[in-house]
Amino acid sequence: MIWRDRGTVRVNHRTPAPTDYESLPTPVFDREIRQWSPDFVPPLHTMSNCPMRCGFCSIAAGSDTFLGKPRVMSERRVAEHIAALGVERVDFVDEYPTIPRQIRIGRELARIGHRATWQCYPTAGDQLLDPRNCEALAQAGCRAVQLGLESLDPQTLRQEAKPWNHPANYGRILENLYNAGIQVHVFILVGVPGEPINFSLRWLSFLEEHGAHILTIKSGRYRLTRRAPDERRATVDELHGLQVTGQDNQLLNLNRDQFRYTSNGLSRKRVEAVRDLLEEACRRHWAYQVTSSLPRWINRGRFSLEQLHQAADQLSAHRPAEPSIPGSHLKRGLSKITSAAHEELGLRAAPTSYEDVRDLAARLRAGDETVAAGGRRG
Ligand code: SF4
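Okay, here's the thing in structure tokens:
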């Protein structure tokens, strides 16, 4: 870690051996610094990195054990730290909080007689298809999850080494979490090399169908992230659909922009067009106004989903969301989608409004389902 201590730049040198998480003391937080929340909700990092190695991801690159076996704090120790801090809510920033681990943390908290709830970043695996697992999570203390759904294309997910994500199951997973009272944020990734733009477009219909069970949505643009497995492959020209076009010598730049797409007609302009449309989808989402008014889980977590729904109804009656982008941007985006749909699928569709393009997305998804029912891949 490097930081500025008044006029001096301090540097923590790497330890010869990565620190054992179990031996870490309870963190000391400066309680003079106020968060945007009435109660104090500390971030806790109880595991050094994620072992999953998704192609695009380098979230844990700062860890000494990045891409290796994570260092993990025992659930007992996690519970003891929460109790020692005297807090009732925690923001776990770990990259891989599995369901069994969360349930064990809940048990350890109960054992020492301390109640606490949390938000965290689990994976969207099929364990969440069982409503009992979602209820067990809620019972343990989980109140919000941030899920990387990333793509609706199974092939893209396999390519990015995230094969446990099954788009056909996303809807039920979201519903199970919602029914258990768990707030859900979803991450969507647009512009993965080789993924036809029509797959990203399908999100418009997905969000329409399943948005009731989602609280917040973030669509991100694919970047070649420094130290991610994809970056390594791209550097030796082994990442299909992407070509590195230059060096990146900026030390602290985590996202490399020196690349171009080489397959399936993918281009940055098409990626931006879909992202503009997704932004419009967010504006039309039931929770847009209320979640914009209550930023971050540390605030939203003080309210039940029912309360947030009531507030959303009130806000939308008094102050409907404004359009996300000017009409001229929307027009430009629609023309990019028109050409992509024609090139990728031979479709002659010419959407002239957001509603048109959303309906096109719905037809594409309906086609996927028909193909899946017939036993062939879409
Ligand atoms: S995307 Fe999530 S599961 Fe995949 S490597 Fe990154 S943190 Fe781990």
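No gaps in the numbering here: position 125 of the sequence shown is 108 in the numbering used here, and each next residue is one more. All residues carry an ideal CB built from backbone N, CA and C; glycine is no exception.
Give a single yes or no on whether residue i has its beta carbon closer than 7 Å to a heavy atom of the ligand SF4.
i    : result
C103 : no
E78  : yes
I86  : no
R209 : no
M35  : yes
C117 : no
K52  : no
G131 : yes
T29  : no
K145 : yes
T199 : no
T81  : no
T106 : yes
I42  : yes
On a CA-only basis, which of the options is nearest residue i? Give me that one, please.
i    : options                   : result
V173 : A62, R258 and F39         : R258
I171 : S46, A345, T199 and N159  : T199
T335 : F23, G329 and R315        : R315
G310 : A256, L7 and L157         : A256
E158 : H97, G203 and E192        : E192
R216 : A144, Y161 and E178       : A144
A99  : R(-13), F75 and L111      : F75
P26  : G38, D231 and D77         : D77
T208 : P80, K52, N238 and H325   : N238
Q18  : L277, A349, K319 and K52  : L277
L132 : R206, H149 and R346       : H149
V227 : L234, Q241, E221 and N282 : Q241
G96  : L140, A345, A66 and R341  : A66
V167 : R204, L140 and W101       : W101
S299 : D136, R251, L261 and S275 : S275
Here's a check: name, in chain order, each residue in its chain whose Cβ is nearer than 6 Å to the Cβ of residue i, leaving out the five neighbours to either side.
i    : result
A264 : L187 and L190
N236 : none
A43  : N32, C33, F49 and E78
R348 : R185 and S188
R206 : N238
H196 : L157, E158 and Y161
With a CB to CB cut of under 7 Å and the five nearest residues on each side skipped, what residues in its chain are close to residue i?
i    : result
Y271 : C265 and A304
E5   : M56, S57 and R60
Tell me the DSSP bridge mates of residue i?
i      : result
C103   : V128
P26    : D74
E133   : I171
N238   : T208
S202   : I171
I(-15) : V(-6)
L225   : Y244
Q166   : A127
V55    : M30
Could you check the C-alpha separation between residue i and residue j for me, to the nearest Å?
i    : j    : result
S134 : S183 : 7 Å
R87  : A123 : 8 Å
T218 : I180 : 24 Å
H223 : S202 : 23 Å
A333 : D339 : 8 Å
T321 : P212 : 33 Å
T81  : V175 : 26 Å
Can you list, in chain order, the residues of its chain whose CB lies under 8 Å from that of residue i, leaving out five sequence neighbours each side?
i    : result
E58  : R84, R87, I88, R90 and E91
G164 : A121, R126, S287 and L288
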